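Reviewing the structure listed below.
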Amino acid sequence: YNGWLSAVTSAFVVPAFTDRGWEIRRVNDDVLDGLRKELKDGLKEGRTRLELGNEIIVEEGKGKSQLPPLFIDLPEGKGEEVLEHYRGLHEDFSGQKLVGAKCYGLRVYRNDSRLLMHTDKPDTHIIASILHLGHSEDSESWPIVIEDYEGNVNEV
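Structure (structure tokens):
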């Protein structure tokens, strides 16, 4: 019920800045390469933690044998650099002048990890992005599931 209430509230409160609410863009640049290095180094150096208390993350032991994703914090100032670097891309997508709010860090999904369906926070997450930094060579592709403005489910 809480998820439904959140989605319905957002539908009435948050304006639609785009035709369908999402799109896929490919980016390859030095900032993305730097994030890939942070990911690789963070895993190698054991700088991972669990994201406990986040209601959209299925924690270990809840649900059916799911491993929660790991989280790697970015060094001081790196999140702001990422926000500023990709601001133009987000402004082009939305047609709006934007102010950066938050770059969380790196979430590492493991086998059976889940990020539950949710509605982003309207105060800070009106325009958001996910950067795919890499995957295990032996892993299978898995979709990100996005529900559009019309309630259609899209696997991208």
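Residue numbers (the UniProt record's numbering): 1 to 156.
Where a beta carbon is used, it is the ideal one built from N, C-alpha and C, also for glycine.
These numbers come from a predicted model, not from an experiment.
Contact with chain C by P122, beta-carbon distance below 8 Å: Given the protein chain composition of this structure (a single chain), no chain C is represented.
R49 versus G95, V108 and G77, residue with shortest Cα-Cα distance: The residue labelled residue 49 in the question sits at position 49 within the sequence shown. Out of G95, V108 and G77, V108 has the C-alpha closest to the C-alpha of R49.
Distance between N111 and L43 (C-alpha atoms, nearest Å): What you label residue 43 is simply residue 43 of the sequence shown in a count that begins at 1. What you label residue 111 is simply residue 111 of the sequence shown in a count that begins at 1. One C-alpha to the other measures close to 16 Å.
Rounded distance between the beta-carbons of L67 and S113, thought under 8 Å: For the purposes of this step, residue 113 is taken as the residue at position 113 of the sequence shown. For the purposes of this step, residue 67 is taken as the residue at position 67 of the sequence shown. Indeed, because the Cβ distance is near 6 Å, the residues count as touching under 8 Å.
7 Å CB neighbourhood of E150 in its chain, flanking five on each side removed: Position 150 of the sequence shown, counted from the start, is the residue given in the question as residue 150. Within the same chain, E150 has no close Cβ partners at all.
Contained alpha helix (DSSP H) runs [length at least 4] in the segment 50-127, N- to C-terminal order: 78-94
Residue from N152, C103 and R87 whose Cα sits closest to the Cα of Q96: Counted from its first residue, the sequence shown places residue 96 at position 96. Selected option, being the one with the closest Cα: R87.
Own chain residues within Cβ distance below 8 Å of G79, not counting five before or after: Numbered from 1 along the sequence shown, position 79 holds the residue referred to as residue 79. Same-chain partners within the cutoff: K102, C103, Y104 and G105.
Local conformation of V145 per DSSP, three classes: As a first step, residue 145 must be located in the sequence shown, where it is residue number 145. Here V145 sits in strand by DSSP.
Close beta carbons around S94, own chain, < 6 Å, minus the five adjacent residues each side: In the sequence shown, residue 94 corresponds to position 94, counting from 1. Excluding residues within five positions, the ones whose Cβ falls inside 6 Å are F17 and I127.
T124 to E140 span [Cα, whole Å]: Along the sequence shown, one-based indexing puts residue 124 at 124. Along the sequence shown, one-based indexing puts residue 140 at 140. Cα to Cα, T124 sits roughly 33 Å from E140.
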